[in-house]
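All remarks here apply to the structure that follows.
There are 2 protein chains.
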Amino acid sequence: MSRMAAKDRREELIAAAFRVMVRDGVVKTTTRAVVNEAKMPLGVFHYCFNSREELLQEVITRITDSGVAKARNVFEGEGDLGARIARSLYTFWEGVELSPGEHQVGYELTHYALRQEGFEDLARRQYAHYLEVHEQLLAEAAESAGITWTVPLPVLARYLNAVLDGVTLCWLADRNSENTREVLRLTGEHLMSLAAKDA
Amino acid sequence: MSRMAAKDRREELIAAAFRVMVRDGVVKTTTRAVVNEAKMPLGVFHYCFNSREELLQEVITRITDSGVAKARNVFEGEGDLGARIARSLYTFWEGVELSPGEHQVGYELTHYALRQEGFEDLARRQYAHYLEVHEQLLAEAAESAGITWTVPLPVLARYLNAVLDGVTLCWLADRNSENTREVLRLTGEHLMSLAAKDA
DNA sequence: CGGCGTCTTGGACGATCGACCAACTATGAT
DNA sequence: ATCATAGTTGGTCGATCGTCCAAGACGCCG
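Quick mapping for you: the protein sequence lines, in order, are chains A and B. One rule links them: number in our numbering = place in the first sequence (from 1) + 931. One rule links them: number in our numbering = place in the second sequence (from 1) + 931.
In structure tokens form, the structure reads like this:
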């Protein structure tokens, strides 16, 4: 193998691990599967990571910080509040249908973290981040549309997050896209009914 | 060990497996952990089950048919539509806070089934069942309250299922009960706004 | 009593896993 | 050129897993 800095190899292994997760699931993401995906000898692994847990932890933080959540970060653009909400929900859903595996991995990692001693904080932070992103999104949308939410922002963000997680989870099981889109449309209308024009 | 019919031993093993799942998670529910929980020798396992997968499949169908979903089956009782909806959502949430592990196991099993070759149908059926229950609940509530839903029942059921799954998943991570209850209250009000009095 | 299913049991097998290590090699500073 | 540092490699260890089996024990029916 050509010589490479341990830092760089770490990054490649993290990327390889994520690909394996998407393809085969978190449980089957073994050290051997990862180095095989990255086309590296097995010995490399514990030279770059102290343990398998350390790798998974790294993947979780990457996903949390800038991965799947990015697809939700799309309240930008033109139009009134209704159009922007509808477009945001549509864009989110586009992301799910485009790469279901990535979202599936997100949930698997959450449950993995919840079961792993000392990893509960990772799951906690994961959802704290999601809620924060949604909160910020809703706040920006309200400001640029000149409205005020009639529901406390943390509650509204949690509601939005719940609907998105819920429809995704259900769709991963039954792949009913049509009804899912209808649910998102319904949710969009509901959100609009919770906006009050500023004085 | 006292002599016992294989059928009966199966049931005890299924129950033991469920307890292990709730306590340690699906991944750590090994054949040895199960027989240990049931206080049976290891050899019993493959006398009662052809494989570990067969046991997990049995647990999934039990949960799907009458387990966790039962907690949602509570639209019964007195009062107007608003009171009944609020009480139903509250009862559901009571169930989650009372035994979070059981709900957590439900999600873990869903993801397990989605990854297991040939088990996708189990996850499919699981959610088909949930949606059916919610649909029936909403239909009964509408009839006894003399209202009609202004949204197609399958869509409304999926929406309700999504919110419940979503808030549960989020709460399992951050344990924020207060905001979760607010989300459920908000959802209840939303549902009421989707009811039209019959002519 | 004798036989025949049904059930019980402890041990063993091969596979796979995370982790570890010793030997080797390349690189760059002195 | 020397040497310390950093990186590479293949093999191996012990643990754990699902699965299987042979030998025995029980209970029922003839």
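The C-beta atom is built at its ideal place from N, Cα and C for all residues, glycine as well. In this text, all values refer to a predicted model and were calculated from it rather than measured experimentally.
Within-7 angstroms CB hit, residue i to chain B
i                       : result
residue 981 of chain A  : no
residue 1055 of chain A : yes
residue 1046 of chain A : yes
residue 1069 of chain A : no
residue 987 of chain A  : no
residue 1089 of chain A : yes
Contacts of residue i in chain B (Cβ-Cβ under 7 angstroms)
i                       : result
residue 1038 of chain A : 1042
residue 1122 of chain A : By Cβ distance, chain B contributes nothing, its closest Cβ being about 10 angstroms from residue 1122 of chain A, past 7 angstroms.
residue 1094 of chain A : 1093, 1094, 1097
residue 963 of chain A  : Per Cβ cutoff of 7 angstroms: no residues; residue 963 of chain A is ~18 angstroms from chain B at best.
residue 1058 of chain A : 1101, 1104, 1105
residue 1082 of chain A : 1117
residue 975 of chain A  : Chain B residues near residue 975 of chain A: none, gap ~26 angstroms exceeds 7 angstroms.
residue 990 of chain A  : Here the premise fails: no neighbours, minimum Cβ distance about 16 angstroms.
Sheet register partners of residue i (DSSP bridge)
i                       : result
residue 1078 of chain B : B:1128
Cβ of residue i within 7 angstroms of any chain A Cβ
i                       : result
residue 1110 of chain B : yes
residue 1100 of chain B : yes
residue 954 of chain B  : no
DSSP state of residue i mapped onto helix, strand, coil
i                       : result
residue 1098 of chain A : helix
residue 980 of chain B  : coil
residue 1011 of chain B : coil
residue 938 of chain A  : helix
residue 1050 of chain B : coil
residue 1085 of chain A : helix
residue 1031 of chain A : helix
residue 974 of chain B  : helix
residue 1106 of chain A : coil
residue 1119 of chain A : helix
residue 969 of chain A  : coil
residue 956 of chain A  : coil
residue 933 of chain B  : coil
residue 905 of chain A  : Examination of residue 905 of chain A is not possible in this model, given that chain A is present from 932 through 1130 alone.
Within chain B, the residues that residue i reaches when beta carbons sit closer than 9 angstroms
i                       : result
residue 1011 of chain A : The contacting residues do not exist; residue 1011 of chain A stays about 21 angstroms from chain B at best.
Chain-ordered chain A contacts of residue i [CB-CB under 9 angstroms]
i                       : result
residue 1085 of chain B : 1107, 1110, 1113
residue 1027 of chain B : Result: empty, since nearest Cβ-Cβ is about 13 angstroms, beyond 9 angstroms.
residue 1064 of chain B : Per Cβ cutoff of 9 angstroms: no residues; residue 1064 of chain B is ~13 angstroms from chain A at best.
Cross-chain neighbours of residue i in chain B, by beta carbon under 8 angstroms
i                       : result
residue 1035 of chain A : 1042, 1045
residue 951 of chain A  : Ordered by position in chain B, no residue passes the 8 angstroms Cβ test against residue 951 of chain A, which lies about 12 angstroms from the chain.
residue 966 of chain A  : In chain order: nothing, as chain B lies at least about 21 angstroms away.
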